[in-house]
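Comments concern the structure below.
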Amino acid sequence: MKRFCTGLFILLKIFFYGSIVCMKQSQLFTKTRKEAPADETSKNAQLLIRAGFVHKELAGVYSYLPLGLRTLNNIVKIIREEMNAIGGQELFMSALQDKELWSRTDRWDDAKVDNWFKTELKSGGETGLGITHEEPLTRIMSEQISSYRDLPVYAYQFQNKFRNELRAKSGVMRGKEFLMKDLYTFSKDEESHMQDYNKVRGAYLKVFERLGIGDKTFITFADGGIFSDFSEEFQTLTESGEDIIYVHEGKKIALNREVYTDENLAKLGINREELVEKKAVEVGNIFHLGTRFSDALGLKYKDEQGNEHPVVMGSYGIGPTRLLGTIIETLSDERGMIWPKEVSPFHVHLVRLGVNEKTVEFADKLYSDLQKAGVEVLYDDRDLRPGEKFADSDLIGIPVRFVVSDKTVEQNKIEVKYRTKTDAEMMSEDEALSILK
RNA sequence: CGGAGUGUAGUGUAACGGCUAACAUUCCUGUUUUGGGAACAGGCGACUCUGGGUUCGAAUCCCAGCACUCCGACCA
């Protein structure tokens, strides 16, 4: 019965998440390297490049290689799950943008928005690569929403955004092309907008919790924007951050330096002495948009009485690529990266030492048993010396390491070590499997 | 966009204006080795960022451009 249940569980897992992917390191086309390029000084870029997670194309432009992509996809998966959990509907909009549409909201002019990548169309006219997607989505919604019965709507996408930054910096933390999850809420009035807004806000907190940076991430009051005293942003404490924030540990909130005034502190009922100055990176932002876009682009609905109203909107962004960098900046050590369980490119790093027949047999069988159990495993089956393999393992940062060597095979055990700990433990295969649950 | 710095094998560095641009590492061949980036032997790999200039002679000096990094400004 137990076996049947386990089998069923795995089948379900495969059904829902696609096949379990495992990999032999001897076949992985990326290599690790001892030294990072001299001109790459940010910690996240150095480690990502050394471990073969990314390749730098240009300043602020990175390609994601297999290990990097798997990690990034795990971040995306977590965000997607939390957006779906609050009723978000995923779509995928174009990167190429309609100039006419953006002119209607006065956001095409270089004097108003200066970080467009624009290009001439051979057929005549001009297009630009999407910096954000309020305009196109509002237009899409104007074809779909016409009644109060159609609201609210939460729509989101994952897409590369393009911003012609004057200066890219901090590795993947601030690029010219980067992955962004952008969600937009469409509500019938201010009151229901606030409910929708708070739902997304709650989902964001869950996302950062699952990403392993929850304790370092603070909801931070920032410059107000359109119709409130403050806007809120999510700031994660790290020395590599660009923002200065003032943290209230007790209340788990913070103020951005841009709103750090006596007047605002009074409004929030906080004393200056309770706050600590810290550097942080903005990992998420949430905005009240009011009716700015719906007014400009004619997104309206009819209420119960048949009266027409503009739709009230909100927009909410999280950058998965920036999060990847933030996790490295906050959690890595001098030996390499350390991935939280749900983010790690693999669940386990199986490291085989030596090439004795029995040892190879044991490790191969364990590899296949792990796959059968639905564990995603990176199997270091290369014939290298232990030091090099351990160094690679620490650099890549999978949270759990299983070592199989002549020594362990003799005892019919596996050496289990967590990336964050210094001591290892000998376990039977069953015990080792059970800690992965 | 203002300021500063740096461009030499895949990577990290060296080379007084003067020999075939050197060393380490990576990579390839082989032998030996196997619990924290081993040892030995042999080998591949560079138009010294690009374009001009000075010079008998330029990786080296000068000018221009390009790229990258850092500080600042900017970041809906």
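Count along the first sequence from 1, then add 1; that gives the number in this note's numbering. Ideal placement from N, C-alpha and C gives every residue a C-beta, glycine not left out.
(request) Could you tell me the distance, in whole angstroms, from the CA atom of Leu-300 to the CA atom of Leu-324? (result) Counting only the Cα atoms, Leu-324 lies some 33 Å from Leu-300.
(message) Considering Cα atoms alone, identify which of Gln-28, Lys-44 and Lys-25 is closest to Thr-327.
(response) The shortest C-alpha to C-alpha distance from Thr-327 to any of Gln-28, Lys-44 and Lys-25 is the one to Lys-44.
(message) Please classify Thr-262 as buried or exposed, where buried requires at least 16 neighbouring CB atoms within 10 angstroms.
(response) With fewer than 16 other Cβ atoms within 10 Å, it is exposed.
(message) Does the structure place the stretch 98-111 close enough to the stretch 341-360 that three or more beta carbon pairs sit under 8 Å?
(response) These segments do not touch.
(message) Suppose only complete runs of 4+ residues qualify. What are the alpha helix (DSSP H) ranges in the stretch 238-305, listed by chain order?
(response) Whole alpha helix (DSSP H) segments, 4+ residues: 263-269 and 293-298.
(message) If we require 4 or more residues per run, which alpha helix (DSSP H) segments fall completely within the stretch 93-117?
(response) Within the stretch 93-117, the complete alpha helix (DSSP H) runs of at least 4 residues are 100-105.
(message) Looking at Met-142: is its Cβ nearer than 9 Å to the Cβ of Phe-187?
(response) In this structure, Met-142 places its C-beta atom within 9 Å of the C-beta atom of Phe-187.
(message) Given a cut-off of 9 Å on the beta-carbon distance, is the pair Ser-369 and Pro-387 in contact?
(response) Against a cut-off of 9 Å, the Cβ pair of Pro-387 and Ser-369 comes out as no contact.
(request) To the nearest angstrom, report how far apart Leu-29 and Arg-293 are at their CA atoms. (result) Computed Cα separation, rounded: 50 Å.
(message) Since Thr-322 and Gly-176 should fall inside the 8 Å C-beta cutoff, what is the C-beta to C-beta distance between them, to a whole number of angstroms?
(response) Rounded to whole angstroms, the Cβ separation of Thr-322 and Gly-176 is 7 Å, and the two are in contact under 8 Å.
(request) Just the C-alpha distance for Met-24 and Gly-53, rounded to the nearest angstrom, thanks. (result) Between the C-alpha atoms of Met-24 and Gly-53 there is a straight-line separation of about 15 Å.
(request) Check whether the stretch 154-166 touches the stretch 260-280, taking contact to mean three or more Cβ pairs, one atom from each stretch, closer than 8 Å. (result) A contact between stretches requires three or more CB pairs, one per stretch, nearer than 8 Å, and the stretch 154-166 fails this requirement with the stretch 260-280.
(request) Determine which residues share a DSSP beta bridge with Asn-161 and list them. (result) Residue pairing by DSSP places Asn-161 opposite Leu-180 in a beta bridge.
(request) Please confirm whether Arg-402 and Ser-394 have their CB atoms less than 9 Å apart. (result) Between Arg-402 and Ser-394, the CB-CB gap stays under 9 Å.
(message) As a quick exercise: from Lys-253, Asp-244 and Glu-250, pick the residue whose alpha carbon is nearest that of Asp-260.
(response) Sequence inspection shows Val at residue 260; the Asp mentioned does not correspond to that position. Closest option to Val-260, Cα to Cα, is Asp-244.
(message) Spatial neighbours of Arg-140 within its chain, please: C-beta separation below 7 Å, excluding the five flanking residues on both sides.
(response) Within the same chain, Arg-140 has close Cβ partners Leu-102 and Leu-298.
(request) State buried or exposed for Asp-115, treating a residue as buried only when at least 16 other CB atoms are found within 10 Å of its CB. (result) So Asp-115 counts as exposed.
(request) Compute the Euclidean distance between the alpha carbons of Phe-118 and Val-173, then round it to the nearest angstrom. (result) Approximately 19 Å between the Cα atoms of the pair.
(request) Can you grab the Cα-Cα spacing for the pair Ser-148 / Gly-375, in whole Å? (result) When rounded, the distance between both Cα atoms is 46 Å.
(request) Quick one: grab the DSSP three-state call for Tyr-18. (result) Here the model assigns Tyr-18 a pLDDT of 49, short of 50, so the residue's position is not dependable, and the following value carries that caveat. For Tyr-18, the secondary structure class from DSSP, reduced to helix, strand or coil, is helix.
(request) State the start and end residues of the unbroken alpha helix (DSSP H) segment that holds Met-195. (result) Counting along the chain, Met-195 sits inside the alpha helix (DSSP H) bounded by residues 191-211.
(message) List, from N- to C-terminal side, the alpha helix (DSSP H) runs of 4 residues or more that fit wholly inside the stretch 360-419.
(response) Correct list: 387-397 and 407-411.
(request) Count the other C-beta atoms from every protein chain shown that fall within 10 angstroms of the C-beta of Ile-436, then say buried if there are 16 or more, exposed otherwise. (result) Answer is exposed; the Cβ neighbour count stays below 16.
(message) On the criterion of 16 or more Cβ atoms from any shown chain inside 10 Å, does Asn-75 qualify as buried, or is it exposed?
(response) Burial call: buried.
(request) For Leu-138, count neighbouring C-beta atoms within 10 Å of its own C-beta (all shown protein chains included) and say buried if the count is 16 or more, exposed if not. (result) Buried is the call here.
(request) List the endpoints of the continuous beta strand (DSSP E) containing Met-174. (result) Taken as a continuous stretch (DSSP letters only), Met-174 belongs to no beta strand (DSSP E), as it is neither H nor E.
(message) Quick check on DSSP: helix, strand or coil for Leu-434?
(response) Helix.
(request) Can you grab the Cα-Cα spacing for the pair Ala-39 / Lys-57, in whole Å? (result) Each residue's alpha carbon lies about 13 Å from the other.
(request) Let me know the secondary structure DSSP gives Met-142 once reduced to three states. (result) Helix.
(request) Going by CA-CA distance only, name the one from Trp-340, Thr-360, Lys-438 and Val-361 that's closest to Pro-400. (result) Minimum Cα distance to Pro-400 is reached at Trp-340.
(request) List the residues that DSSP assigns as beta-bridge partners of Thr-331. (result) The beta-bridge partner set that DSSP reports for Thr-331 is empty.
(message) For Ile-287 and Ser-429, I'd like the C-alpha separation in whole angstroms.
(response) It is roughly 48 Å from the alpha-carbon of Ile-287 to the alpha-carbon of Ser-429.
(message) Whole angstroms are fine: how far does the CA of Phe-391 sit from the CA of Thr-33?
(response) Cα to Cα, Thr-33 sits roughly 12 Å from Phe-391.
(request) Report yes if the C-beta distance between Glu-426 and Lys-418 is below 9 Å; otherwise report no. (result) Yes, these two residues count as a Cβ contact at 9 Å.
(request) Taking all protein chains shown into account, decide if Leu-73 is buried (16 or more other Cβ within 10 angstroms of its Cβ) or exposed. (result) It counts as buried.
(request) Just tell me which of Asp-216, Asp-230 and Lys-373 has its CA closest to the CA of Ala-281. (result) Ala-281 has its Cα closest to that of Asp-216, out of Asp-216, Asp-230 and Lys-373.
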